[in-house]
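Here is the structure we will look at.
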Amino acid sequence: MIDIVLLTLLLVVAIAIIRMKDLFAVIMLSGIYGLLSASFFVAMDAVDVAFTEAAVGAGISTLLMLVVITMTGRSENTTRHKPFPALLLVVITGGLLIYGTLDMPYFGSADAPVHSHVAPRYINDSMQEIGIPNIVTSILASYRAFDTFGELVVIFTAGVGVLALLSIVRRPIKGDKIAAVNDSMHEQHLVIRIVTKILLPFILLFALYVQFHGDFGPGGGFQAGVIFAAAIILYAMLFGLSTARIVINQAFIQLIAATGVLLYGCVGLVSLLNGGNFFDYNFLSNDAIAGQHLGILLIEWAVGCTVASVMIIIFFNFADYRERQLSNENQHNQESP
Amino acid sequence: MISHLPVLQVIVPLMAAPICLIFKRAQLVWLFSLLVSGLTFLISILLLQQVMTSGVLSYELGGWQAPWGIEYRIDKLNAFLLLIISAISTIVLFAAQTSIEKEIDKNKHTLFYVLYLLSLTGMLGIVATGDAFNVFVFLEISSLSSYALIAMGKNKRALWASYQYLIMGTIGATFILIGVGLMYQMTGTLNMQDLSQRLPEVAQTRTVFTAFAFVIVGVCLKLALFPLHHWLPNAYAYAPSIVTAFFAATATKVAIYLLIRLTFSVFGLSFSFTTIPLQSLFMALGLIGIFIASISAIYQNNIKHLFAYSSIAQIGYMIVGFSISTVTGLTATLLHVFNHALMKCAIFLALAAVMYRLDDVQLNNFHGLGRQMPLTMAAIVVAGLSLIGMPLTVGFVSKWYLLSALLEQGWWPVAVLILLAAILTVVYLWRIIEVAYFKQPLVDNAAVKEAPILFLVPIWTLTIANIYFGIDTRLSVQVAQAAAQSLFGLTP
Amino acid sequence: MLIGLFNNWIVVILMMIGLYIVIAHGNLIKKIVGLTLFQTSVFIFYISMAKVVGGTAPILADDIIQYSNPLPHALILTAIVVGIATIALALSLVIRIKAAYGSIEEEEIQRQDNQIQADKKERKQA
Amino acid sequence: MDIVINFSSGLCLFIGSFLCVSGGIGILRFPDFYTRMHAVGVTGTLGAAMILIGLMLHSTDLLVFAKLVMILLLTLLLSPTTSHVLAKAALHNGLMPKLSQNTLEQSSLDLKSKETASSKF
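Here it is, written out as structure tokens:
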């Protein structure tokens, strides 16, 4: 029953997004949309997915969009936008999809082919074969480890893509200028800086907890990486980008992103060299189950490193580009008047 | 190590990409990626030999059996595509460093090579995998790296072209995701081999019909088939010329492979061509695509735009061959995949050389180029002739098989239309040749010298391949015929 | 019938809203939000397919017999991360487009493009 | 003994939910931004805290109890900060609180003088 309420709420938010003209409100609504779909996933017993959707869908994507609209302006001027051809196309595809749903198995029916063909083996045998309670992590890290490897490379590609588009050669800023920026920020964000100083260690601790708790409960490399990156982004927002750059220098972060992908690949290569197929953890150590545990632990660690460093790369490049634009504008209007 | 070749084919470039990011010096990274691409080419040759001798290879990743784990199935069709992609990527890499010196600024060369290797990995991953969801993941890898590569173009319109390509590509990929989800819902499995066995029972349901429709539309978006081709001309015209050379010869071929794999291996011949009027639909779309693209190619004065539209027309030829749905028809399509890769790569590499010398590829830059850059211009002429389908060139072979497949079915009006379209190709090629050879060079590009050696080597290897494979068609025809027969299920 | 397929119909409507926003609205950021809507509704479709009435979260515990299907959860984890990767790249493109064109409205960018095309033609004739 | 615990947890839950409902109504009824934000502050801090205390009394297992205490500490730390930052941002963007008529001109005068004095970063 709860999921029907959540779905209708999602519908309301989606329609509101169409009507809204102010981009800030649209982005906030898309954050709410992410949170509502995360709570829908909890209602659907998909706890891992809910965790990721909340961290990524509601958290990071709203944050990145907010950074972008500080550069590109908040208003969306709607000159003549062409509803009719779009409406026609949308109605056709929608009709085809509705036509497709007529023969689907009913919602939640236990005898649907989905639950009878491949899934029972995961549910019944994953404890003997891999030995960790969280079946989703065992599928993610062992049965379909190559999918997760592909996905890690997707995140790595996004990080490199953002670097290729936005990264610029940095002129080293003088030390005293950083202190000036730091003081002026201190005066402005006094309360929230104190609260952040209290909270930061707990956020990082929670990220590590999520990282290693992935085998037993909801959690894993992705969620941990995003939470870790959120902590550092919070630090960068409040203590100034230049101070954050000194704490976490960019070249090191790029190195971690690359080594994360390489670590993941080397786990596969080691099992290859030990005689098994690629990503066959049984060959990682003499006992099969211990090999599986070791393999999953290493893979989650690699995923955590790469996701955290890529998210940091993306945010630092966005904020850096914005800072450079602001400084250009300041120089510009200093010269012009 | 021989039994691990299928996975090494994808892992070698994949592991090379992060390693490249760690080296900072561009010269070193260029040589390293050239070496890696050569190694991938070698692996694909060994794979092709193995497949031709011992039939289908199956490689279970993680040691789990097929429908539970992910499985790599390499048959003649995959091996043929893997060979084409890795060969083209190796040849294009020869000219990469000299070309990007002028087109991409210094500190981004390493990032260029990382993205290049990642898009190579994505394409090899799509072609090699036997798991439906894995296709979506590797499709995203190759598309994301191609958006970033296109956006690195010097011209500011590259950004806008890349953005449009991103929106269209993501919609296409999500359509494929919806199709895979619907197929999974009705059969419960993701492995393509397993799907092909379990789909016939549920084939008559409306959900499987919708799944087929969504997957085909998603693939056609990636294919730039006629109504969905708007992203291709700008993306190819404003991207760095090396990127255009690589993608023109490989990206659409991977989408053609997906189309063939889905209609023949996953959904089965009977379902794809009888329950849905795919045959006449694709025949119509292919023909309209050929004519409209060729006509709009004539009116372009940016030569990259011109050859991008001619690529859309050539894809039209492949779709017409595919829609005949006979063994010779499919052989014609596979042949044209191979030949078109050779032709287009030669042309776009030659354009990269012109771009290197003249910094622009408008028609008026081509004035008198025949005398100033004789070798490059000669390469364009030879590749253009094989585009038209002159005898003794590669284009003639694929046109010959296409026409014989059409006449075999007795559709002689379509054959006449194909010949008419060849005349359109002559028109837009003549515009370039006439300007290049019979006009005096403009005063400001009088001091233009021949393209550097690192350009001429790949261009001329491709041009000679254009001619060699036109005469000795043993390799291309034999593999294409065997792949077509295995898809039709009548392996000899 | 209605309750059984209600989830799917809502998912289809959300998908179509996302697609409509991407096609009809000119603002580049509005298109990206439309894309997130479109992709998130596909995730909701996968997860509502995996639910078994009476089943609990797929974490092995000894007193539970009925679990929901864990495979779509693993797939959707991958798809969410792919979605955020595409959004991050799209946003960096929007930043660069804003810097290069000065606006993020589709009509404005198209107009500037056509203008460059037009005065390139004049230079050719001159 | 457990009747007392049950009763008090029921009472806490009731008070908590009453506060949340009143906060909800407050958002709709209050005239301007700052009063509405006060209503949200009430629900965020006190309402949630009361519900958590009610749950704590209700819970049997120690681990659940410990987790609830952690959540209580976190909300007590976080929600006042968020409402502070919200109000600061609104004021920074120049959103004027809806005061009675005569105090309006007087406060806007010194706001302008404060603005010129402190050099905006």
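These protein sequence lines are chains Y, W, E and B, in that order.
Per this note's numbering, the very first residue in the first sequence carries number 185; after that it's consecutive.
Per this note's numbering, the very first residue in the second sequence carries number 34; after that it's consecutive.
Per this note's numbering, the very first residue in the third sequence carries number 5; after that it's consecutive.
Per this note's numbering, the very first residue in the fourth sequence carries number 505; after that it's consecutive.
From the three backbone atoms N, C-alpha and C, an ideal C-beta is built for every residue, glycine too.
Predicted model only: the values in this text are computed from it and were never measured.
> Quick one: is R533(B) buried, meaning 16 or more other Cβ sit within 10 Å of its Cβ, or exposed?
Replying inline: With a threshold of 16 other beta carbon atoms within 10 Å, R533(B) falls short and is exposed.
> For L93(E) and chain W, any beta-carbon pair shorter than 8 Å?
Replying inline: Interface residue, yes.
> Cβ of E484(Y) less than 8 Å from any chain W Cβ?
Replying inline: It does not; no Cβ of chain W falls within 8 Å.
>> Looking at chain Y, is there any beta carbon in it that lies within less than 8 Å of the beta carbon of F42(E)?
In response: It does not: the Cβ of F42(E) has no partner Cβ on chain Y nearer than 8 Å.
> Which residues share a DSSP beta bridge with R106(W)?
Replying inline: Looking at the DSSP output, R106(W) shares a beta bridge with S91(W).
>> Counting only beta-carbon separations shorter than 8 Å, does L150(W) have a partner in chain E?
In response: At a cut-off of 8 Å between C-beta atoms, L150(W) does not count as an interface residue with respect to chain E.
>> Would I63(E) and P317(Y) qualify as a contact pair, given that the criterion is a beta-carbon distance under 8 Å?
In response: Yes, these two residues count as a Cβ contact at 8 Å.
>> How far does the alpha helix (DSSP H) with M388(W) in it extend, from its first residue to its last?
In response: Boundaries of the alpha helix (DSSP H) harbouring M388(W): 360-391, taken from the DSSP string.
> Whose C-beta lies closer than 6 Å to the C-beta of L54(W) among residues of the same chain, with five residues either side of it excluded?
Replying inline: Apart from sequence neighbours up to five positions away, the residues of its chain that approach L54(W) with a beta-carbon distance below 6 Å are V147, ordered along the chain.
> Applying the criterion that 16 or more other CB atoms from any shown protein chain within 10 Å of the CB defines a buried residue, is P51(W) buried or exposed?
Replying inline: P51(W) is buried by the Cβ-count criterion.
>> My assumption, with CB atoms under 8 Å, is that L475(W) sits in contact with N397(W). Please give the rounded CB distance.
In response: The pair is a contact, with the Cβ atoms about 6 Å apart (cut-off 8 Å).
>> I'd like to know whether the C-beta of P525(W) is nearer than 8 Å to at least one C-beta of chain Y.
In response: In this prediction, P525(W) scores a pLDDT of 47, lower than 50, which makes its location untrustworthy; no coordinate-derived value is stated.
> Looking at the structure shown, is K624(B) part of a helix, part of a strand, or coil, going by DSSP?
Replying inline: Only weak support is given to the placement of K624(B): the predicted model assigns it a pLDDT of 45, under 50, and the value that follows is read from those uncertain coordinates. In the displayed model, K624(B) falls within coil according to three-state DSSP, outside both helix and strand.
>> Here's the rule: buried if 16 or more other CB atoms are within 10 angstroms of the residue's CB, otherwise exposed. What is I120(E)?
In response: Label assigned to I120(E): exposed.
>> Can you list, in chain order, the residues of its chain with a C-beta nearer than 8 Å to that of A553(B)? Leave out the 5 residues immediately preceding and following it.
In response: Only G520, L576, T579, L580 meet the Cβ criterion.
>> I want to verify the contact list: residues of chain W whose CB lies under 9 Å from the CB of Y327(Y), in sequence order.
In response: Within chain W, the residues near Y327(Y) are G95, W97, W101, G102, I103.
>> Within 10 Å of its beta-carbon, does E484(Y) have 16 or more other beta-carbons around it, so buried, or fewer, so exposed?
In response: It is buried - the Cβ of E484(Y) has at least 16 other Cβ atoms within 10 Å.
>> Can you look up E109(E) in the DSSP assignment and give me helix, strand or coil?
In response: Note: E109(E) maps to strand in three-state DSSP.
>> Between L191(Y) and N11(E), how many whole angstroms is the CB-CB distance? I'm expecting something under 8 Å.
In response: With 8 Å as the limit, L191(Y) and N11(E) qualify as a contact, their Cβ atoms being about 7 Å apart.
> Terminal residues of the continuous alpha helix (DSSP H) containing V447(W)?
Replying inline: Residues 445-471.
> Can you name the residues of chain W whose CB is closer than 8 Å to the CB of R100(E)?
Replying inline: Simply A184, L192.
> What is the DSSP secondary structure of N335(W), reduced to helix, strand or coil?
Replying inline: Three-state result, N335(W): strand.
> What does N111(W) pair with, by DSSP beta-bridge criteria?
Replying inline: In the DSSP secondary-structure assignment, N111(W) is not bridged to any residue.
> Would you call the CB atoms of N111(W) and A161(W) closer than 8 Å?
Replying inline: Yes, the pair counts as a contact, with Cβ atoms nearer than the cut-off.
> Is I352(Y) helix, strand or coil when you go by DSSP?
Replying inline: Coil.
>> So that I know if they touch, is there some Cβ in chain E lying closer than 8 Å to that of V250(W)?
In response: So, not an interface residue.
> In terms of DSSP beta bridges, what is S327(W) paired with?
Replying inline: Partner(s): none; S327(W) has no beta bridge.
>> Against chain W, does I14(E) count as a neighbour if the rule is that its beta carbon must be under 8 Å from one of theirs?
In response: Judged by the 8 Å Cβ criterion, I14(E) is not in contact with chain W.
> Where do the N-terminal and C-terminal ends of the alpha helix (DSSP H) with W493(W) fall, by residue?
Replying inline: Looking at the DSSP string, the run of the alpha helix (DSSP H) that includes W493(W) is 486-504.
> The alpha helix (DSSP H) spanning K255(W) covers which residue range?
Replying inline: Here the alpha helix (DSSP H) through K255(W) covers 239-256.
> So which residues of chain E does Y461(W) contact, with C-beta pairs closer than 9 Å?
Replying inline: The contacting residues do not exist; Y461(W) stays about 17 Å from chain E at best.
> Taking 8 Å as the CB-CB limit, is M156(W) close to chain Y?
Replying inline: Using a Cβ-Cβ cut-off of 8 Å, M156(W) does not count as an interface residue toward chain Y, since no Cβ of chain Y sits closer than that to its own.
> Beta-carbon of I480(Y) versus every beta-carbon of chain E: anything under 8 Å?
Replying inline: Chain E has no Cβ within less than 8 Å of the Cβ of I480(Y).
> Taking a cut of 9 Å between CB atoms, which residues from the stretch 494-506 of chain Y lie near chain E?
Replying inline: Cβ contacts with chain E come from V494, M495, I498, N501, F502, Y505, R506.
> On the three-state DSSP scale, how would you describe Y393(Y)?
Replying inline: Under the three-state reduction of DSSP, Y393(Y) is assigned to helix.
> On the three-state DSSP scale, how would you describe Q395(W)?
Replying inline: The three-state reading of DSSP puts Q395(W) in strand, counting E and B together.
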